[in-house]
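Asks: Take the sequence shown: its letter number 172 is residue 172 in full-length UniProt numbering, and every next letter is one higher.
Structure incoming, see below.
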Amino acid sequence: MSKKGKKIGILTAGGDCPGLNAAIRGVGKTAIVKHGMEVYGFTAGYSGLINKEYFKLDEPKVSGIITLGGTILGTSREKPYKLEKGEEFNDKPDLIRQTYEELDLDCVVCIGGNGTMKTASMMAKEGLNVIGIPKTIDNDVYGTDVTFGFDSAVGIATEAIDRLHSTANSHQRAMVIEVMGHHAGWIALYAGMAGGGDIILIPEIDYHIGKVCKTIEERFAKGKPYSIVVVAEGIDKPKKISAARYVVENIQTYTGIEARETRLGYIQRGGTPSPMDRILATQYGAFATELIADGAYNNMVAVRNNELAAVPLDEVGGKLRLVDPSDPLILKGRNLGVSFGDE
């Protein structure tokens with residue numbers, strides 16, 4: 001049975017992504033309207049906890065924000081448990097506890113990606129009550145099948161690929177589009193498949209640039225006027241050169257075929273969240289509040305097998321969810337003739 005009168009804090013940390021405001025709204029409205037809780041928003045991620053920068057969230061403040069990109073709380077990449085260069089002592093964990101105790105909080109909701117979940121798990125080990133909500137366009141948070149922000153990013157990347165088809169066909173070029181994903185290739189895989197990419201390169205599959213060039217040559221030899229190459233930014237490549245630039249230079253050097261690059265960058269992270277991300281973020285936020293009401297602290301909310309679930313934070317922090325090379329989507333792609341640069 002839920003208890004009335006709990007006081008909770010909420011913060012958004014790490015990189016921004018579509019759906020953050022929907023998650024804040026999901027937490028806030030469920031907490032205030034259903035459970036009569038007091039809700040405080042900390043500004044700029046964990047920095048707000050450290051520096052006592054916060055404001056009270058009431059129902060009007062969390063109303064009408066589901067469609068907005070970004071985060072009304074602001075964010076930062078503050079890592080309170082990490083010693084900076086030259087530091088011998090770090091008082092940030094103590095300052096966090098001080099803020100937590102001064103506000104007499106029952107729990108802090110931490111919305112973020114892998115780094116945020118790692119910090120949240122460390123806070124839990126310090127004896128604070130924490131609930132994590134996974135967000136990132138990269139979809140690489142361990143313990144959940146999906147993060148909000150991913151669907152929006154895939155939609156943006158797919159639209160960009162759609163638009164490149166006409167330009168590539170008109171000029172008979174190889175078009176290389178680079179999407180985000182330092183360690184995980186989820187965006188490249190899903191957008192590449194949805195956008196009809198001919199070659200998809202992701203960090204989890206070792207590729208050979210020679211085979212990429214050969215595939216493009218074979219396509220042109222068969223009378224196919226252009227090729228679309230989708231690459232994740234984190235593929236293996238020389239330092240000080242982007243993934244797209246590296247692939248383009250090799251295509252032009254070894255095939256003589258004209259190639260051009262497009263790097264989407266931060267465009268993938270901004271703007272209005274997709275309907276699916278609004279729904280997922282809202283569900284995550286509401287479920288997080290229900291866990292708090294039931295005293296089920298130190299968990300991360302997740303989707304597993306299409307059902308909401310609570311996953312212990314100590315099983316999540318510091319881990320990545322990467323694309324399995326035997327993922328069914330990759331196998332289907334190969335059957336359709338998509339090359340992953342490895343064969």
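Just so it is clear, CB atoms sit at the ideal spot from N, CA and C, and this is done for glycine as well.
If the criterion is Cβ atoms closer than 8 Å, does the pair residue 236 and residue 183 meet it?
Replies: Result no, Cβ atoms of residue 236 and residue 183 do not sit closer than 8 Å.
Asks: If contacts are defined as beta-carbon pairs under 8 Å, then residue 148 and residue 186 qualify, I think. What distance do you get, rounded to the angstrom?
Replies: The pair is not a contact, with the Cβ atoms about 13 Å apart (cut-off 8 Å).
Asks: Taking the CB atoms as reference points, tell me whether residue 8 and residue 108 lie closer together than 8 Å.
Replies: Against a cut-off of 8 Å, the Cβ pair of residue 108 and residue 8 comes out as a contact.
Asks: Could you check where the beta strand (DSSP E) with residue 201 kicks off and where it finishes?
Replies: Residue 201 -> beta strand (DSSP E) spans 199–201.
Asks: Taking 7 Å as the cut-off, does the CB of residue 114 come closer than this to any heavy atom belonging to the ligand ZN?
Replies: What this structure holds is no ligand at all, so the ligand ZN is not there to describe.
Asks: Below 8 Å on the Cβ atoms is my guess for residue 22 versus residue 281; work out the distance and round it to an integer in Å.
Replies: Residue 22 to residue 281, Cβ: 4 Å. Contact.
Asks: Exposed or buried, what is residue 304 when buried is set at 16 or more other beta-carbons lying within 10 Å of its beta-carbon?
Replies: Under this definition residue 304 is an exposed residue.
Asks: Measuring CB to CB, does residue 342 end up less than 8 Å from residue 206?
Replies: In this structure, residue 206 lies closer than 8 Å to residue 342 by Cβ.
Asks: Go through its chain and collect everything with a Cβ distance to residue 57's Cβ below 6 Å, but skip five positions before and after it.
Replies: Same-chain partners within the cutoff: 28, 39 and 41.
Asks: Quick check on residue 3: buried or exposed, where buried means 16 or more other Cβ atoms within 10 Å of its Cβ?
Replies: Confidence in residue 3 is poor, its pLDDT being 46 and thus under 50, which makes the residue's placement unreliable; the coordinate value appears in the next sentence. The residue is exposed, with fewer than 16 neighbouring Cβ atoms inside 10 Å.
Asks: When the Cα atoms are used, what is the spatial distance from residue 345 to residue 291?
Replies: Nothing about residue 345 can be read from this structure; the chain reaches only from 1 to 343.
Asks: Taking just the CA atoms, how far does residue 77 sit from residue 298?
Replies: Residue 298 and residue 77: Cα-Cα distance of roughly 21 Å.
Asks: Rounded to whole angstroms, what is the Cα-Cα separation between residue 323 and residue 177?
Replies: Answer to the nearest angstrom: the Cα atoms are 19 Å apart.
Asks: How far does the alpha helix (DSSP H) with residue 8 in it reach, from first residue to last?
Replies: Looking at the DSSP string, residue 8 is not in any alpha helix (DSSP H); the run it does join, the beta strand (DSSP E), is 7–12.
Asks: How big is the Cα-Cα spacing for residue 189 and residue 112?
Replies: In a straight line, the C-alpha of residue 189 is about 22 Å away from that of residue 112.
Asks: Reducing DSSP to helix, strand and coil, say where residue 189 ends up.
Replies: Residue state, collapsed to three classes: helix.
Asks: Shortest alpha-carbon distance to residue 70 belongs to which of 302, 268 and 331?
Replies: When only C-alpha atoms are compared, the closest one is 268.
Asks: Mind listing, in chain order, the continuous alpha helix (DSSP H) runs of no fewer than 4 residues lying wholly within the segment 95–155?
Replies: Runs of the alpha helix (DSSP H) inside the segment 95–155: 114–125.
Asks: For the structure I just gave you, are there three or more beta carbon pairs, one from the segment 214–224 and one from the segment 121–137, closer than 8 Å?
Replies: Short answer: they don't touch.
Asks: If you pair each beta-carbon of the segment 122–131 with each one of the segment 230–250, do three or more pairs fall below 8 Å?
Replies: Flag = no, the segment 122–131 and the segment 230–250 do not touch.
Asks: With 16 other CB atoms within 10 Å as the buried threshold, where does residue 89 fall?
Replies: It counts as exposed.
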